[in-house]
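There are 2 protein chains.
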Amino acid sequence: MRRDVFQAIADPTRRAIILLIASQAMTPNAIAEHFDITRQAVSKHLRILTECQLVKQEQAGREIFYQLDGTKMQEIDKWLEEFKKIWESRFNELDKVLLTLKNNKQ
Amino acid sequence: MRRDVFQAIADPTRRAIILLIASQAMTPNAIAEHFDITRQAVSKHLRILTECQLVKQEQAGREIFYQLDGTKMQEIDKWLEEFKKIWESRFNELDKVLLTLKNNKQ
DNA sequence: TACTTGCGCAACCGTTCAGTTGCAAATATA
DNA sequence: TATATTTGCAACTGAACGGTTGCGCAAGTA
């Protein structure tokens, strides 16, 4: 069982839940109202999000509010930055080649 | 079968492949040398990456070079920006509440 | 106390995933 | 032509997903 941020955001419902509770903590029932799936299905997603350390729970009587913990989200950013660095340097390499070709022709 | 960028980057091997071929196009065999899995397994990942429109192929004799198409990667960036916007406005909301409380106390 | 509500947990089901092995096709080389 | 190389495709396997229903427990409420 892989439990990382990338697994967490792989599912579209989970992405929607993340955006939903990003602004304010919500209960499973409240979240489920926004989707066409059962509360239990939402609970499963919340459990996965919890295991990925993207979500924390706060008990309030018999209600449990799920709130986002944004720190793990930075890992996506980090990976994306790494990719961008390589991706942009690719063009630099191409530039170098073109430059070399150009210089050789002169 | 869900085929989007988020599905593509969900697997760690696939993320590694993306970073690997980001700088230069490679053949399945060359890619497989970097991992402890068979060439066929790499091919499967490449097929998924192709279906997600993250990768394009270029035939060269009996070799096929797989190269990255960076455009789809922007979708991750887009979603992440959407999240950040909501996430940061969350603090603004909190600020509003605190401000209201402060004003009410006065 | 009895009833309702909100929730997690367990069992189950069909589908997808990530990997394997085996094989056929196409290309290059002796 | 015969052989080796590079690849894609198909079949299979065990594990994980995403969903469901059903149940039990704890917390409010009549």
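Each protein sequence line maps, in turn, to chains A and B.
Letter by letter, the first sequence follows residues 1 to 106 of my numbering.
Letter by letter, the second sequence follows residues 107 to 212 of my numbering.
C-beta: ideal position from N, C-alpha, C; glycine also.
DSSP state of residue i mapped onto helix, strand, coil
{"i": "A:Ala25", "result": "coil"}
{"i": "A:Ala10", "result": "coil"}
{"i": "A:Glu75", "result": "helix"}
{"i": "B:Glu169", "result": "strand"}
{"i": "B:Leu174", "result": "strand"}
{"i": "B:Glu139", "result": "coil"}
{"i": "B:Gln163", "result": "strand"}
{"i": "B:Arg196", "result": "helix"}
{"i": "B:Thr144", "result": "coil"}
{"i": "B:Arg109", "result": "coil"}
Residues of its chain near residue i, where Cβ-Cβ distance is below 6 Å and the 5 sequence neighbours each way are ignored
{"i": "B:Glu157", "result": "Arg109"}
{"i": "A:Lys56", "result": "Gln67, Asp69"}
Interface partners of residue i on chain A, CB under 8 Å
{"i": "B:Ala128", "result": "Phe83, Ile86, Trp87, Arg90"}
Beta-carbon neighbours of residue i, restricted to chain B and to distances below 8 Å
{"i": "A:Leu80", "result": "Met179, Ile182, Asp183, Leu186"}
{"i": "A:Ile18", "result": "Phe189"}
Within-8 Å CB hit, residue i to chain B
{"i": "A:Phe35", "result": "no"}
Contacts of residue i in chain B (Cβ-Cβ under 9 Å)
{"i": "A:Phe6", "result": "Phe112, Ile115, Ala116, Asp117, Pro118, Arg121"}
Cross-chain neighbours of residue i in chain A, by beta carbon under 7 Å
{"i": "B:Gly176", "result": "Trp87"}
8 Å Cβ shell around residue i - same chain, five flanking residues per side excluded
{"i": "A:Leu20", "result": "Met26, Ile31, His34"}
Sequence-distant residues of its chain with Cβ nearer than 7 Å to residue i (five each side left out)
{"i": "B:Arg128", "result": "Here the sequence assigns Ala to residue 128 of chain B, which means Arg is not the residue at that position. Counting only Cβ-Cβ distances below 7 Å, and skipping sequence neighbours, we find Leu174."}
Is it true that the stretch 109 to 123 of chain B meets the stretch 33 to 52 of chain A, where meeting means three or more beta-carbon pairs spaced less than 8 Å apart? no
Please confirm if the stretch 166 to 179 of chain B is in contact with the stretch 127 to 137 of chain B, defined as three or more CB-CB distances below 8 Å between the two stretches. yes
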